[in-house]
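In what follows, a structure is listed as C-alpha cells, so that the remarks can point back to it.
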Amino acid sequence: MQLPVQSQSTLFAEGWEAAAGPVDLVEIARVADRCGFAYVACCEHLAIPRRLAEAMSTVWYDPVATLAHLAAVTERVRLLSHVAVVGLRHPLITAKQYATLDRLSGGRLILGVGAGHVPEEFEALGVDFGRRGAVLDETVEALKVALGPDEFPKFTGERFAFEGLGQAPRPVQTPRPPIWVGGSSPAAVRRAAERGDGWLPQGDRREQLPGQITRLRRLREAAGIEEPVVIGTIAEPLYVGEPGWAVGRRTLSGSPERIADSLREYRAMGVQQIQVRFRSRSREELTDQMLAFGAEVAPLLNG
1 MQLPVQSQST LFAEGWEAAA GPVDLVEIAR VADRCGFAYV ACCEHLAIPR
51 RLAEAMSTVW YDPVATLAHL AAVTERVRLL SHVAVVGLRH PLITAKQYAT
101 LDRLSGGRLI LGVGAGHVPE EFEALGVDFG RRGAVLDETV EALKVALGPD
151 EFPKFTGERF AFEGLGQAPR PVQTPRPPIW VGGSSPAAVR RAAERGDGWL
201 PQGDRREQLP GQITRLRRLR EAAGIEEPVV IGTIAEPLYV GEPGWAVGRR
251 TLSGSPERIA DSLREYRAMG VQQIQVRFRS RSREELTDQM LAFGAEVAPL
301 LNG
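Take 1 as the starting number for the sequence shown in our numbering and just add one per residue.
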C-alpha cells in the first residue's frame, strides 16, 4: 500500500491526514508489517509550484528519509519508492542513498522509478524536462550497474560515466535491489518492458489492464528479455464491511468474500501484486481496515 500522510494530493488524501504526522506513519507501517502487507510506499516531489499547490498540496515527504525511518520500526515489510524521480539527480547520488537504505533495512528496498510530470521541478535543478524520458532510460541502466555487486562499478553512457569510484555499503540484495518502473504512458510501458524488473501502472482502470499487459509482454519478448517481470496494479479504493458513510461510488466495499472475488479478477489478467488504498476518516479507522483486510480478505486471495 501507498502510505497516507506522506503525500497529500487532493486526488487521494483523506481529510484526517492534514493533521497527521510521523507518529501516524510509524503506527500504520507497523500495522502493515504485522498484517502481512508486501510493501509500504512513499512518493517523491521536490517542490510544488504555486499553480499546482492547491490541487497537489506541498506535503510530499522525502522517500529516502521516510522509508529509512520506517525501516527502523518494522521488520518484514518491504520499502518501495513509488515513485522516485531519479532523473533529477546523478545516478551515483541515487545509488548511494538507496544502497544505504537497502543495507539499513536488511535488504527490503524496491526502487520504484518514474519520469516525473512537473516542469518547474526540473527547471529549478537545470534538468531538461523535455528530455526526461531519455534521461530516465539511461539513469535506470546506470543504476543497475551502480546498485550491483561491484564496489567500483563502471558505466559509460551519453550523459553519465563513472569508473574507479567505490561506493559502500553495498546493497544487501543480490545481484541488486529490484527496479520497478511506474507509469502507464506508451513510453513508460516500453521502459518497464525493456528495462524494469517490475511495472507499476498509474491510473489504468481495470478494463484497460489486459491490453497494457499484453503490450508489455510483447515488448519484453521483442527485446529478448527472458527474466520475468512483476506486474502490478492499483486497485479501486476499498472498505471492508458496510461503511455507513459516503465512501464514493468507485469504492469496492462489502464482505471479505465480495472484495476477494473482485480482486481475484486481477490475477486472471496476469497481475501479481495489487496496491490497495482504504477509505477512512481517521488513523484508527484506517488501521482497523488494514487489520480486517489482512485477516479476512488476504487469505482468500492467497488460497
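Note that the Cβ used here is the ideal one computed from N, Cα and C, for glycine as well.
Secondary structure note for LEU143: it is in no beta strand (DSSP E), and the uninterrupted alpha helix (DSSP H) holding it is 132–146. Going by DSSP, CYS42 is part of no alpha helix (DSSP H) but of the beta strand (DSSP E) stretching over 39–42. Under the criterion of beta carbons closer than 8 Å, GLY112 and VAL172 do not qualify as touching, at roughly 18 Å. Just measuring C-alpha positions, the residue of THR287, GLY211 and ARG215 sitting nearest ARG279 is THR287.
Classified as exposed, VAL73 has fewer than 16 neighbouring CB atoms from the shown chains inside 10 Å of its CB. The secondary-structure analysis by DSSP pairs ARG78 across a beta bridge with TYR39.
In this structure, THR233 sits near VAL271, with a CB-CB distance shorter than 8 Å. Separation of LEU263 and ALA235 (C-alpha to C-alpha, rounded to the nearest whole angstrom) is 8 Å. Nearest C-alpha to GLN97 among VAL77, GLU75, GLU121 and ALA68: ALA68. SER81 is classed as buried because its beta carbon has at least 16 other beta carbons within 10 Å across all chains shown. By the neighbour-count definition (other C-beta atoms within 10 Å, threshold 16), PRO149 is an exposed residue.
In the DSSP assignment, VAL5 falls outside any alpha helix (DSSP H) and carries neither an H nor an E. Between the alpha carbons of ALA20 and GLY241 lies a gap of roughly 25 Å. Between the beta-carbon of PRO256 and that of LEU300 there is about 6 Å, and that keeps the pair under the 8 Å contact cut. Contact between the segment 42–62 and the segment 6–19 is present: 3 or more CB-CB pairs across the two stretches fall below 8 Å.
Bridge partners of THR233 according to DSSP: ILE274. Taking 8 Å as the cut-off, the beta carbon of VAL229 is found no closer than this to the beta carbon of GLY182. The three-state reading of DSSP puts TYR239 in strand, counting E and B together. Per the coordinates, the alpha-carbon of SER253 lies some 18 Å from the alpha-carbon of SER282.
Taking a cut-off of 8 Å for Cβ pairs, the segment 78–92 and the segment 34–49 touch, as three or more such pairs fall below it. Relative to LEU52, the option among PRO4, ARG76, THR156 and PRO119 whose CA is nearest is PRO119. About 5 Å separates the beta carbon of ILE110 from that of PRO178, a gap short enough to meet the 8 Å contact definition.
Judged by DSSP secondary structure, ILE179 falls within the beta strand (DSSP E) whose first and last residues are 179–182. Going by beta carbons, ALA95 and LEU147 fall inside the 8 Å limit. A distance below 8 Å separates the beta carbons of LYS154 and VAL145.
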